[in-house]
Amino acid sequence: MSEPVVEFRHISMQFPGVLANDDISLTVNKGEVFALVGENGAGKSTLMNLLYGIYTPTGGEIYIRGRRVERYNPKYAIDQGVGMVHQHFMLVPSFTAAQNIVMRKEPKKLGLFYDNAEAIRQTRALVEEYGLEVDPTEKVADLSVGLQQRVEILKALYRGADILILDEPTAVLTPQETDELFAVLRRIVAEKQMTVILITHKLGEVMAISDRVGVMRKGRLVNVKNTSEVDQRQIASMMVGRPVLYEALEKTGTPGELRIEVAHLRCLDERGLPAVRDLSLSVRSGEVLGIAAVEGNGQSELIEAIAGMQHIESGSVKICGKDVTNRSPAEIRAAGLAHVPEDRLATGLSAEASVGENLLTGRQREKRFRKAFDFLDRSSVARYAGELYERFDIRGAGVDAAAGDMSGGNMQKVVIAREFNFDTPVLIIAQPTRGVDVGAIEFIHSRIIEKRNAGCAILLCSADLDEVFRLSDRIVTIYEGRVTGEFVTDQVTREEVGYYMTGAREVAQ
Amino acid sequence: MNDILGRIFSAGTFQQMLRSATPVALAAIGGSMTEHAGIMNIGMDGMILMGAFFAVLGSFLFQSAMAGLALTLGVGLIVGLFFALLVVKFKSDEFIIGCALNTFALGLTGYLSDSVFGASGAKGNPSLLVVRLPFLRKIPFIGTVLNGQSILVWVTVVLMVIMWVFVYKTPHGFWLRASGEKPETLRTAGISPERMKWIASILCGLFCALAGAYLSLGQLSGTFSKGMSNSRGYIAFACVIFAAAHPGKAYLAALMFGFFDAIGMRLQAYVSSELTQMIPYIITILMMIYVVVRQNNRRRAPRKLQGMAKS
Ligand SMILES: Nc1ncnc2c1ncn2[C@@H]1O[C@H](COP(=O)(O)OP(=O)(O)OP(=O)(O)O)[C@@H](O)[C@H]1O
Ligand SMILES: [Mg+2]
Chain E
1481 MSEPVVEFRH ISMQFPGVLA NDDISLTVNK GEVFALVGEN GAGKSTLMNL LYGIYTPTGG
1541 EIYIRGRRVE RYNPKYAIDQ GVGMVHQHFM LVPSFTAAQN IVMRKEPKKL GLFYDNAEAI
1601 RQTRALVEEY GLEVDPTEKV ADLSVGLQQR VEILKALYRG ADILILDEPT AVLTPQETDE
1661 LFAVLRRIVA EKQMTVILIT HKLGEVMAIS DRVGVMRKGR LVNVKNTSEV DQRQIASMMV
1721 GRPVLYEALE KTGTPGELRI EVAHLRCLDE RGLPAVRDLS LSVRSGEVLG IAAVEGNGQS
1781 ELIEAIAGMQ HIESGSVKIC GKDVTNRSPA EIRAAGLAHV PEDRLATGLS AEASVGENLL
1841 TGRQREKRFR KAFDFLDRSS VARYAGELYE RFDIRGAGVD AAAGDMSGGN MQKVVIAREF
1901 NFDTPVLIIA QPTRGVDVGA IEFIHSRIIE KRNAGCAILL CSADLDEVFR LSDRIVTIYE
1961 GRVTGEFVTD QVTREEVGYY MTGAREVAQ
Chain S
21 MNDILGRIFS AGTFQQMLRS ATPVALAAIG GSMTEHAGIM NIGMDGMILM GAFFAVLGSF
81 LFQSAMAGLA LTLGVGLIVG LFFALLVVKF KSDEFIIGCA LNTFALGLTG YLSDSVFGAS
141 GAKGNPSLLV VRLPFLRKIP FIGTVLNGQS ILVWVTVVLM VIMWVFVYKT PHGFWLRASG
201 EKPETLRTAG ISPERMKWIA SILCGLFCAL AGAYLSLGQL SGTFSKGMSN SRGYIAFACV
261 IFAAAHPGKA YLAALMFGFF DAIGMRLQAY VSSELTQMIP YIITILMMIY VVVRQNNRRR
321 APRKLQGMAK S
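Line by line, the protein sequences are chains E and S.
Sequential numbering from 1481 applies to the first sequence in the numbering used here.
Sequential numbering from 21 applies to the second sequence in the numbering used here.
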């Protein structure tokens, strides 16, 4: 059973200014599910990118099936049977699922032309074999994230991978999709003797699926254990280096005046189909309203409509009493709204800009960042960014590094830091802790409640039901673009909310 | 009035349409390649100008149009390589490099033309084959339009189809598009997106060289005059954007340009030529307005912008 397939020997990876991996030695065995955990920026993605040949290690060696890796490039890794599903998907949006899956080994007609029928046939065969249902002819841009991930997995399998690396695969999945994914992983491990390396921040998942777990901290591998011998609390404290207590969040104050009023809202999705249908809700100051919904039920469009990034067909949105229906994001922000968008890479950040510039975004016009002749005052910008960087415990190569080079969780912290620091009366937060480590989740949660207690009106949307329950005062369930139920958090159970989320029950409005 | 319309929509107009459209179409097909690879290539005008000059130079030196074509393709290859070296390898700003290329081409060809041909310019060198097919002469309208066109007019149609098939029906075409839309996807598949960008730049260099060769050796007999590309590279770029880099649609856009250009020439008999010469540029602006309106209509969610982001 313990036949080694991958061996890292004294692996180090030095980026400019960051030692991302520090002398790591680790063996992964054939047919096991190995979980890799650690704080944001601990170096998990980097270690796996080395195995996949994206970077060349600055020290040490990797062995795959006993053979030393000679060249570090993805082509070599793919030929050795390594497949990787990246934290941020590597799919071409305008291509079909099949086109993405067969990329590089496209079936050909006459040795020259792409054989579409054959690509579809082969994709269907893979879909059958592994039970990963996807329509090969659908464009990737039109697929939900859950389906996009299946395309990624199928792509690795098509290339003949038997060592499958998954970098935070469940961060963007609904609980049901996660269950389905795990069922597939279990099957490929049991039936095909594949090896799975799984990076995750959800310790429940580590317990549920892995055989062994490796813990990384600040570039080092600090511990490797059999999963059966540890519990979640122990893993968490190994990761952070101190005990992590999920303290009860202290909520104080009473809700005040209406700050967000959404009335009879209707929006269309990207394909022009109704996404939000006659939806009304309201949030008062000093309360958190949580939206519980399965991905793709209109909650993303709702949030974007409120933030001014989505056209409103009919209905109205008021922020702090001011009608902002179909206004620009800038006008809506001026009315008192800050917004943590769900997709940090596409809408939350500018990947090419530096961390400092990202933190400053939206404040460039402020007097204190200006000097003579309206030039940006670099030193006060640096001071401001540095202070936020510290306060929100962002970890990376400092404020001057490109935001796109940061670890996923730290990108999220940059967005949170910027938006929370606007001190607006209204906050809209989508997926606040997607891909964020346990320690940082604790931190972000207490910041959110701090805002609430200070009288901010908060609309929260999260795929993580536990998070919705933990933070919200009230919960609304949305199904197919309509509100199906509204509850006071303490007076409802998760199961009940689950029924309303899936449309099995509905409160007549 | 009928008389005027008859003159405007005569076979001669459509004949001229093909003549005006062909160099723009060739450059637009080449520009579609760089556009797909995520390179904003505004240097096409310079590439065309160099193509025109070196075609004549070859034709003059070897007294053969084919030699001119070969020389200009060679130079086009080098220009494409040079463009890729700066833009892909050294990651310089493509806009600046494009501008520089246009200015450089203007200066270089002007200087070389003066020193080789003297002030009066190059005239009367061997020009490219003109296709006259006997059976075409029998078809009334179409025969007049198609007969007597340069071989390059026909070659352009063939190349358009080939590039169309290449981009949308072959794996390499897919990789080319992926290199512009999402280069990391290629890199993680073990394909170098930079290589695809090199290929695109070289193809664009070759196509623009052909466009230039048509200008100097295709219509008049082996003539070069300074700045003879006359902003066709920019119009080609507009066609690329208008066609969303689809070679077939880019060809149609070029035909549209050619049509209005031809009408403009006809109208010169009736209105001042200053006005009629504006027509192609007005068309270009209208095309751009159409593109903006189309984008606005499509843009429901800003997420769409993701696909358009540059590497
Ligand atoms: N291409 C790069 N250039 C420079 N620094 C980098 C690069 N990639 C990663 N880093 C740095 O290396 C460190 C480790 O990053 P890595 O992405 O491996 O973290 P991670 O453990 O995957 O974190 P997360 O859980 O947030 O995804 C971080 O400090 C990051 O800023
Ligand atoms: Mg990571």
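Quick reminder that beta carbons are idealized off the backbone N, C-alpha and C, glycines included.
Since the structure is predicted, the reported quantities are computational estimates derived from the model, not experimental observations.
Contact list for residue i against chain E, beta-carbon separation under 9 Å
i, result
"P213 of chain S", "Ordered by position in chain E, no residue passes the 9 Å Cβ test against P213 of chain S, which lies about 11 Å from the chain."
Per-residue contacts from residue i into chain S (C-beta, under 7 Å)
i, result
"Q1579 of chain E", "F194"
"K1893 of chain E", "Under the 7 Å cutoff, chain S gives no residues; its nearest Cβ is about 22 Å from K1893 of chain E."
Contacts around residue i, its chain only, beta-carbon distance under 6 Å, and the 5 residues preceding and following it disregarded
i, result
"K324 of chain S", "The predicted position of K324 of chain S is uncertain, since its pLDDT is 33 and thus under 50; a value taken from the coordinates is nonetheless stated next. Once the five neighbours on either side are set aside, K324 of chain S has no close Cβ partner at all."
"I261 of chain S", "V311"
"L121 of chain S", "G63, G66"
"A45 of chain S", "T176, Y271, A274"
"W184 of chain S", "P267, G268"
"S331 of chain S", "Model confidence at S331 of chain S stands at a pLDDT of 28, short of 50, so the residue's coordinates are unreliable and nothing is read from them."
"A256 of chain S", "V44, A47, A48, G51, M64"
"S1690 of chain E", "V1513, A1515, T1707"
"E114 of chain S", "I59, M60, V107"
"D1873 of chain E", "none"
"Q1779 of chain E", "I1771, A1773, C1941, I1958"
"F1902 of chain E", "A1818"
"A31 of chain S", "F161, T164, V165"
"G1733 of chain E", "G1766, N1933"
"Y1472 of chain E", "There is simply no residue 1472 of chain E to check, as chain E begins at 1481 and stops at 1989 in what is shown."
"L1527 of chain E", "N1501"
Chain S contact residues for residue i, given Cβ-Cβ distances below 8 Å
i, result
"K1524 of chain E", "Per Cβ cutoff of 8 Å: no residues; K1524 of chain E is ~17 Å from chain S at best."
"E1586 of chain E", "P191, F194"
Chain S contact residues for residue i, given Cβ-Cβ distances below 9 Å
i, result
"Y1594 of chain E", "Y188, K189, T190, P191, G193, F194"
"M1583 of chain E", "P191, F194, W195, A198, T205, L206, A209, I211"
Rounded distance between the beta-carbons of residue j and residue i, thought under 8 Å
i, j, result
"C1941 of chain E", "A1910 of chain E", "5 Å"
"T1538 of chain E", "A1578 of chain E", "That belief does not hold up - the Cβ atoms of T1538 of chain E and A1578 of chain E are roughly 39 Å apart, past 8 Å."
"M1719 of chain E", "V1517 of chain E", "6 Å"
"V1977 of chain E", "I1955 of chain E", "6 Å"
"I1558 of chain E", "V1549 of chain E", "Incorrect: roughly 12 Å between the Cβ atoms, too far for contact."
"A1636 of chain E", "G1563 of chain E", "3 Å"
"G1626 of chain E", "L1590 of chain E", "The pair is not a contact, with the Cβ atoms about 37 Å apart (cut-off 8 Å)."
"F244 of chain S", "A142 of chain S", "4 Å"
Contacts of residue i in chain E (Cβ-Cβ under 8 Å)
i, result
"T208 of chain S", "Y1532, I1534, P1554, M1564, H1566, M1570"
Same chain only: Cβ atoms within 7 Å of residue i, ignoring 5 sequence neighbours per side
i, result
"V95 of chain S", "M70, F74, A229"
"R1974 of chain E", "L1945, F1949"
"I302 of chain S", "none"
"R1848 of chain E", "S1860"
"G118 of chain S", "N61, I62, G63"
"A1663 of chain E", "none"
Neighbourhood of residue i by C-beta distance below 8 Å, restricted to the same chain and skipping five residues each side
i, result
"L1829 of chain E", "N1838, A1883, G1884, M1891, V1894, V1895"
"V1607 of chain E", "E1613, V1614, P1616, L1634"
"K1555 of chain E", "G1533"
"T1658 of chain E", "T1650, E1685"
"Q1673 of chain E", "K1510, G1511, D1642"
"E1822 of chain E", "S1780, I1783, A1910, Q1911, R1914, C1941"
"D1647 of chain E", "K1524, S1525, M1528, M1564, V1565, H1566, Q1567, I1679"
"Q1712 of chain E", "L1683, G1684, V1686, M1687"
"G1878 of chain E", "G1497, V1835, Y1869"
How would the residue list near ligand 1 read, in chain order, if you kept each one whose beta-carbon is closer than 5 Å to any heavy atom? Around ligand 1, the residues selected by a Cβ distance under 5 Å to any of its heavy atoms are E:F1495, E:V1498, E:A1500, E:N1520, E:G1521, E:A1522, E:G1523, E:K1524, E:S1525, E:T1526, E:G1876, E:D1885, E:M1886, E:S1887, E:G1888, E:G1889, following chain order.
Interfacial residues, the segment 1531–1565 of chain E to chain S, with Cβ spacing under 9 Å: Answer in chain order: Y1532, G1533, I1534, N1553, P1554, K1555, Y1556, A1557, I1558, D1559, M1564.
Cβ-based contacts, 9 Å cut-off: residues of the segment 1598–1622 of chain E near chain S: For the segment 1598–1622 of chain E, the residues whose beta carbon sits under 9 Å from a beta carbon of chain S are, in order, A1621.
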